[in-house]
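Data first, discussion second: the structure below is written as structure tokens.
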Amino acid sequence: AVYECLRGGLDFTKDDENVNSQPFMRWRDRFLFCAEAIYRAQAETGEIKGHYLNATAGNCEDMYMRAEYARDLAVPIVMHDYLTGGFTANTSLANYCRNNGLLLHIHRAMHAVIDRQRNHGIHFRVLAKALRMSGGDHLHSGTVVGKLEGERAVTLGFVDLMRDDVILRDRSRGIYFFQDWCALPGTILVASGG
1 AVYECLRGGL
11 DFTKDDENVN
21 SQPFMRWRDR
31 FLFCAEAIYR
41 AQAETGEIKG
51 HYLNATAGNC
61 EDMYMRAEYA
71 RDLAVPIVMH
81 DYLTGGFTAN
91 TSLANYCRNN
101 GLLLHIHRAM
111 HAVIDRQRNH
121 GIHFRVLAKA
131 LRMSGGDHLH
141 SGTVVGKLEG
151 ERAVTLGFVD
161 LMRDDVILRD
171 RSRGIYFFQD
181 WCALPGTILV
191 ASGG
């Protein structure tokens, strides 16, 4: 599927957030198959192609091993589920990636259980701020249309929150406080899914 999508015109594909290393699809085999698909699609199209390999694992050492293996295969982007993996694991992997020439794509699997509960949930804006402090280069975000649809102004508000250095108060966009991120790097939001 990775090859077909890349050959068909997409620039990037990604592992599903639920794919880490199940008995029917071990991570090392999947990484090899995806790398082969990338190389083949690049050779046939003459274009740069990529795939986000899910490095999420039960402990940091296994995530480092997966990230290192991806780097050895010349696949420079790995993915992590920051909510299921935890913030400490995410920060550790973000630092590892930054120190080893890899980009870290962050997925937010399980977020809807937390942030779509109007009465007792935590808004995604809070989770996004925590992620920016934890580290990551891309964040899988919602959109204003489709399966991942959110309120337009609020969605644009947390897009700004993730990428801008200074955030001005704007209640219409769900931003209630001025925030200066100082030198903390921003995160690029990536829309994917339906």
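If you read the sequence shown in full-length UniProt numbering, its first letter stands for residue 1, the second for the next number, and so on. Here a beta-carbon is modelled for each residue, glycine too, at the ideal position from N, C-alpha and C. All figures in this text were calculated on a predicted structure; none of them were measured in a lab.
Query, Result
"Val154 - partner residues in DSSP beta bridges", "Per DSSP, none; premise fails for Val154."
"First and last residue of the uninterrupted beta strand (DSSP E) at Phe12", "12–14"
"Inter-residue spacing [alpha-carbon to alpha-carbon] between Arg118 and Lys14", "30 Å"
"Every unbroken alpha helix (DSSP H) inside the region 56–85 [4 residues or more]", "60–72, 82–85"
"Rounded separation between Lys49 and Gly101 - CA only", "17 Å"
"Closest Cα partner of Arg132 within the set Ile77, Leu156, Phe87", "Phe87"
"Beta carbon of His123 nearer than 8 Å to that of Val190", "no"
"Beta-carbon separation (whole angstroms), Ser141 vs Ala94, contact threshold 8 Å", "Not confirmed; about 17 Å, so no contact."
"Exposure label - Arg169; buried when at least 16 CB within 10 Å", "exposed"
"Simplified DSSP assignment, three categories, for Gln42", "helix"
"Tyr176 versus Asp29, Arg66, Arg7, Val126, residue with shortest Cα-Cα distance", "Val126"
"The alpha helix (DSSP H) enclosing Tyr52, as first and last residue numbers", "No alpha helix (DSSP H) holds Tyr52; the beta strand (DSSP E) holding it covers 50–54."
"Bridge-paired residues (DSSP) for Met25", "Gln22"
"Gly104 classed as buried or exposed, judged by whether at least 16 other C-beta atoms fall within 10 angstroms", "Inspection of the sequence shows that residue 104 is occupied by Leu rather than by Gly. Flag for Leu104 reads buried."
"Nearest-angstrom Cα separation, counted from Ile188 out to Tyr39", "25 Å"
"Segment contact flag, the region 57–65 with the region 29–38, C-beta cutoff 8 Å, min 3 pairs", "no"
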